[in-house]
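Below is one structure; the comments refer to it alone.
In the UniProt record's numbering, the protein residues as written are 1 to 68.
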């Protein structure tokens, strides 16, 4: 089953356990995948996009058992 919920910086930050500004910095430095949608100038990602990114990023924290 796919998870097509849209996440903002806030939801991504909560999922990986960092501050919202850290996620913004990841995007600024090209470390975050391209947004799946931009609405009103704000980027959004599908939950599945972020989960896949977390699974493949160095030092991933997916082992902490989050099931958001």
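Note that beta-carbon positions come from the ideal geometry of N, C-alpha and C, so glycine has one too.
Residues of the same chain with a CB within less than 6 Å of the CB of residue 5, apart from the 5 flanking positions on each side, are 47 in chain order. In this model, residue 22 and residue 12 are separated by some 10 Å (Cα to Cα). The beta carbon of residue 26 is closer than 6 Å to those of 32 in its chain, skipping five residues each way along the sequence.
Residue 2 sits in coil when the DSSP states are folded into three classes, being neither helix nor strand.
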